[in-house]
């Protein structure tokens, strides 16, 4: 693996949209006992359902610790590649490489990772193993890498359309625990130079209660050029109401990098998903403190889906809105199979299906 001193934009590389063709996908096997209830047994079963659906149409690699390697190999289909790789947790979206391409060659970007806020408001310590995974994965795939480890960014904080447009949130990228010495303009310049985009649309907030400082991948995502889904509620008393309304206003008043207005599809959120006493009893403490509180609202959203080559793997929550969400995504992705996965056991860890996956673009 070679470290490249240039930038993707200078070299003619860009990050494709997630709905573009993939070579494969990366996931990480869960085990952290203060993130996942009751030894992560239920979480692993949910991860396996996601892995089964994705691996039907693209090459999936699952990274597992030495302790969990045999479990992962036993539980996952034979078509899934399992490799031993150490990590602090299992959020592949946020610290696996961001892959860029010129259509013929694949390269990775190693952003800095500090567990969503470092010592300011990060969610765990240490995060050193996670921060090394992008480099290890570039070695595994034998691809060269842009090293931007001095710039803190998670994959879930940005979405691109592959045609010059990026969407992100101010709540996340301007948070004090990431790059406090950089201005909004300087941060935007990094996105333009490394994702090779020409326009960044800044939404103000994401999903209420999202511990990542409100990643964009939980509230809004591209489904096609100039077309997005937006997490929504019609209930004015819901704390999600105003943030979603404001996102709609910003998107309605914006155009993409090619000057096209956005077609916005409202994807109604499930009813609030709350942490229970039983959940809390099944979690280890971290630094002698509980990681969840009974009655706490989790950041449940249908937008946190993964677009595979032949499928859309989406979270469901045993909620009346599940069926409506499936119907909307069926209409938006007519050439892909919609695979609903009960996702509460993933959500309890702090993220969802998109958060535990990282796509690898297809090259010639």
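Residue numbers (this note's numbering): 777 to 1140. Backbone N, C-alpha and C fix where the C-beta goes; we use that ideal spot for every residue, glycine too.
Is residue i buried or exposed, if buried means 16 or more other CB atoms sit within 10 Å of its CB?
i            : result
residue 1115 : buried
residue 1071 : exposed
residue 860  : exposed
residue 1009 : buried
residue 961  : exposed
residue 1005 : buried
residue 945  : buried
residue 1064 : exposed
residue 1077 : buried
residue 965  : exposed
residue 797  : exposed
residue 951  : buried
residue 1068 : buried
So the candidates are the options; which of them puts its Cα closest to the Cα of residue i?
i            : options               : result
residue 811  : 796, 891, 952, 924    : 891
residue 778  : 1058, 883, 1112       : 883
residue 867  : 1073, 900, 955        : 900
residue 854  : 1112, 870, 832        : 832
residue 743  : 870, 902, 788, 915    : In the structure displayed, the chain extends from 777 to 1140; residue 743 sits before or after that span and is not available.
residue 843  : 856, 862, 834         : 862
residue 1159 : 974, 876, 1105        : Here the chain covers residues 777 to 1140 and nothing more, so residue 1159 does not appear.
residue 1013 : 950, 1047, 1030, 1041 : 1047
residue 781  : 920, 1024, 816, 1030  : 920
residue 1124 : 788, 803, 785, 816    : 816
residue 942  : 917, 915, 954, 972    : 972
residue 1019 : 1001, 915, 994, 1031  : 994
Got a sec: is the Cβ-Cβ distance from residue i to anything in chain C below 8 Å?
i            : result
residue 1015 : Going by chain labels, chain C is absent from the structure shown, which holds only one protein chain.
Quickly, what does DSSP pair residue i with across the bridge? List them, please.
i            : result
residue 1021 : The partner list for residue 1021 (beta bridge, DSSP) is empty, contrary to what the question assumes.
residue 859  : 839
residue 1065 : 1062
residue 1050 : 1073
residue 1015 : None, per the DSSP bridge assignment.
residue 883  : 876
residue 922  : 780, 885
residue 1134 : 802
residue 1082 : 1089
residue 1101 : In DSSP, residue 1101 forms no bridge with anything.
residue 1116 : 1090
residue 1225 : In the structure as shown, the chain begins at 777 and stops at 1140. Residue 1225 is therefore absent and cannot be evaluated.
residue 1031 : 1037
residue 892  : Per DSSP, none; premise fails for residue 892.
residue 975  : 941
Tell me whether the beta-carbon of residue i lies closer than 8 Å to the beta-carbon of residue j.
i            : j            : result
residue 985  : residue 991  : no
residue 905  : residue 873  : no
residue 1058 : residue 813  : yes
residue 888  : residue 928  : yes
residue 1122 : residue 848  : no
residue 792  : residue 938  : yes
residue 1007 : residue 1079 : yes
residue 1178 : residue 1086 : No answer is possible for residue 1178: the residues shown for the chain start at 777 and end at 1140.
residue 940  : residue 908  : no
residue 1041 : residue 1108 : yes
residue 1088 : residue 1117 : no
residue 880  : residue 1049 : no
residue 935  : residue 998  : yes
residue 1056 : residue 932  : no
Once you ignore the five residues that flank residue i on each side, which residues in its own chain have a CB closer than 8 Å to its CB?
i            : result
residue 1026 : 977, 978, 979, 980
residue 783  : 922, 969, 970
residue 1011 : 1017
residue 987  : 892, 899, 1075, 1126
residue 864  : 808, 891, 900, 902, 903, 904, 905, 906
residue 841  : 805, 807, 860, 861, 862, 863
By Cβ distance, which residues of its chain are closer than 7 Å to residue i, with the 5 residues on each side in sequence left out?
i            : result
residue 852  : 824, 827, 838, 858
residue 1062 : 810, 900
residue 1083 : 794, 795
residue 845  : 858, 860
Excluding the 5 residues flanking residue i on each side, which residues of the same chain have their C-beta closer than 6 Å to its C-beta?
i            : result
residue 925  : 886, 888
residue 822  : 1121, 1122
residue 1003 : 1039
residue 801  : 830, 834, 836, 1133, 1135
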